[in-house]
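For reference, the structure is listed below as structure tokens.
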Amino acid sequence: MPPRIRLQPRVLRLRTAHTSNIPLGATYASLATATTPAPSVDQIRAVPPVLRYPPTQPPSHKPPEVRKTQLHRTYQSVLKSSPLILLFQHNNVKAVEWMSLRRELATALQKVDAERAKNGQSGLIADQIKFQVITTSIFASALRVVEFFKPEGSAVDHAQEATDPRTPTSAQTSNEVEDEVFQHGLSRRAWEVASNKKLKSELEPLFAGPLALVTFPAVSPQHLKTVLSILAPVKGRFDAPKRRTTPSYYEPEVQLGLQKLMLLGARVEGKVFDTEGTHWVGGIEGGIDGLRAQLVHMLQGVSGSLTGALEGASRSLYFTVEGRRMDMEEKEKGDAPAE
Amino acid sequence: MITRFLTDVRVKFNPFSKRAKPARLFLSLIPPNARVDGMKIETKMLPRTSKEPATLDVKFKDGKEMKLELEKMRITEVMEEVDRHSRVLARKEELTGN
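Just so you know, the protein sequences line up as chains U and P, in that order. As numbered in full-length UniProt numbering, the first sequence has no gaps in its residue numbers, which increase by one up to the final residue, 339. As numbered in full-length UniProt numbering, the second sequence has no gaps in its residue numbers, which increase by one up to the final residue, 98.
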């Protein structure tokens with residue numbers, strides 16, 4: 001019977017860094033008893049912190065795989081990325097009507113973009129203006145997080161790879177949801193802040209019933225004007241397109257859908273506007289450039305009137321003094337013959 | 001809610017007031033084909049600063065008019081009020097065999 005060779009997988013394991021440390025004599029397979037080499041100095045050092053989650057998915061307070069949670073996250077990003085949001089109530093709008101409304105909106109916005117491109121203006125955002133139905137209560141909650149949860153201080157630096165042995169042991173990582181280092185919108189901390197009932201947002205009363213949003217990636221009064229003239233036309237200010245130019249707007253589906261949409265208000269760069277305010281924003285001529293021109297014009301007017309006012313004081317002083325001098329001269333003349 | 005017997009609905013509310021909720025929910029309860037089937041629906045949006053109470057005027061097929069002050073009502077109460085007369089009309093319709 002051949003001698004049985006006792007193989008220990010631990011000894012046979014490939015060790016690139018430590019092969020030089022092991023004396024050659026110990027490599028006899030037949031003599032290999034349970035002599036595990038003592039851990040070398042660089043083996044003893046502390047274990048680097050390990051993140052138990054992918055860097056892009058920090059632990060969330062509510063179960064992350066649920067649709068509600070993902071909707072919440074989506075709405076937060078919608079709120080953060082769109083400075084101009086129009087809020088509509090939709091009363092039982094049918095799918096066909098939604099489809100035709102979106103089609104009309106898209107074609108009208110494409111026309112605006114074509115016009116802007118022709119004039120050499122930038123800001124072609126027609127493709128990014130979305131008309132979407134939202135889940136009201138989840139949107140309300142997401143709005144509270146966006147408005148009231150303002151994280152400060154150092155967050156977990158997810159850029160550092162915690163599984164990399166070069167990561168310092170002092171690196172701040174955490175795998176607990178309760179930890180305050182998490183500052184994303186779905187964190188426990190965000191939830192706590194947003195569930196404080198004492199904080200009231202201005203939009204709160206609007207969150208009842210079925211809602212739909214029109215989101216703009218930039219505040220562009222020209223695009224807003226087009227959207228208003230399609231979805232909430234007002235005679236005189238936001239005229240609906242003419243039947244001659246766009247006959248498709250007068251199809252029954254579009255018109256029926258329009259009757260069921262109500263413009264409630266708008267959120268422009270964090271401020272809340274009602275219908276009138278929205279119309280005012282949409283009525284700004286020429287967008288931001290137009291506003292700048294108005295401001296320059298106004299300032300010019302101010303400077304003109306300011307120089308006028310300053311001049312006026314000295315001029316009136318001059319007139320007074322001059323008048324007094326004439327007066328005295330006349331008196332002197334009057335006095336002279338009497339002597 | 002029974003909406004078959006409504007011919008005319010007028011709603012006036014300020015969306016930024018908390019009391020506008022029943023008015024808005026009432027509108028969302030009207031079926032999608034109501035306007036095609038001849039119901040007249042008028043909504044008037046008040047400006048944000050207005051303190052006017054939300055009102056709902058409903059006309060029925062038999063000519064009865066109902067004016068509801070929505071300030072102190074919940075949507076279930078509004079539905080009850082409207083349904084009370086609608087049920088009478090439904091019963092009449094059933095008895096005459098139409």
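We put the CB at the ideal spot given by N, CA and C, even for glycine. The structure displayed is predicted, hence computed values, not measured ones.
Item, Value
"Cα-Cα separation, P:E80 to U:W191", "38 Å"
"Where U:H61 sits in the DSSP three-state scheme", "coil"
"At least 3 beta-carbon pairs within less than 8 Å: the segment 4-22 of chain P vs the segment 34-48 of chain P", "yes"
"Neighbour list for U:E276 in chain P, Cβ cutoff strictly below 8 Å", "P47 and R48"
"Inter-residue Cα distance where the pair is U:V112 and U:K225", "10 Å"
"P:I30 versus U:Y75, U:V93 and U:P37, residue with shortest Cα-Cα distance", "U:V93"
"N-terminal and C-terminal residue of the beta strand (DSSP E) that U:A212 is part of", "L211 to F216"
"CB contact below 7 Å: U:K94 versus chain P", "yes"
"contact_flag[the segment 195-213 of chain U, the segment 135-152 of chain U] where n(CB pairs < 8 Å) is 3 or more", "yes"
"P:A54 in three-state terms, based on DSSP", "coil"
"Interface flag, P:K21 vs chain U, CB-CB below 7 Å", "yes"
"Closer than 7 Å at the beta carbon, the chain U residues around P:K18", "P205"
"Contact residues within the segment 129-144 of chain U, judged by C-beta distance below 7 Å to chain P", "none"
"For U:Q183, three-class secondary structure by DSSP", "coil"
"Cβ-Cβ separation, U:L211 to residue 377 of chain U (assumed contact under 8 Å), whole Å", "With chain U covering 1 to 339 only, the question about residue 377 of chain U has no answer from this structure."
"Secondary structure, alpha helix (DSSP H): runs of 4+ residues fully inside the segment 195-260 of chain U", "221-231 and 252-259"
"Buried versus exposed call for P:V36 [16 or more other C-beta atoms within 10 Å across all chains shown]", "exposed"
"Assigned exposure category for P:L6 - 16 Cβ within 10 Å defines buried", "buried"
"Validate contact between the segment 243-259 of chain U and the segment 72-83 of chain U using beta carbons, cut 8 Å, 3 pairs", "no"
"Three-state secondary structure assigned by DSSP to U:L51", "coil"
"Within 9 Å of chain C by C-beta, residues of the segment 78-94 of chain U in sequence order", "Absence of chain C from the displayed structure is noted, the protein chains being U and P."
"U:E339 versus U:R324: straight-line alpha-carbon distance, rounded", "Because U:E339 sits at a pLDDT of 45, beneath the cut-off of 50, its placement in the model cannot be relied upon, and the point is left open."
"Cβ-based neighbour list, U:G277, same chain, cut-off 6 Å, excluding 5 preceding and 5 following", "none"
"Minimum Cβ-Cβ distance from U:L261 to chain P less than 7 Å", "no"
"U:G265: contacting residues in chain P (beta-carbon distance under 9 Å)", "P15, F16 and R48"
"P:K67 - DSSP class collapsed to helix/strand/coil", "strand"
"Per DSSP, cross-strand counterpart(s) of P:T45", "Note on residue identity: the sequence assigns Met, not Thr, to residue 45 of chain P. In DSSP, P:M45 forms a bridge with P:F13."
"Residues sharing a beta bridge with P:D8, DSSP", "P:K40 and P:K59"
"Three-state class that DSSP yields for residue 397 of chain U in the structure shown", "This structure leaves residue 397 of chain U out entirely; chain U is present only between 1 and 339."
"7 Å Cβ cut-off: residues of chain U touching P:T43", "M262"
"Chain-ordered chain U contacts of P:I2 [CB-CB under 9 Å]", "The contacting residues do not exist; P:I2 stays about 16 Å from chain U at best."
"Proximal residues, the segment 24-38 of chain P versus chain U, C-beta separation under 8 Å", "R24, L25, L27, S28, I30, P31, P32, R35 and V36"
"Beta-carbon proximity list for P:I2, same chain, < 6 Å, skipping 5 on both sides", "D83 and S86"
"P:R69 to U:E176 span [Cα, whole Å]", "A small fix is needed here, since residue 69 of chain P is Glu in this sequence, not Arg. So the two alpha carbons sit approximately 52 Å from each other."
"Through-space distance from U:H297 to residue 406 of chain U, alpha-carbon basis", "The structure shown does not extend to residue 406 of chain U, since chain U is modelled only from 1 through 339, so no value can be given for it."
"Three-state secondary structure (DSSP) of U:K130", "strand"
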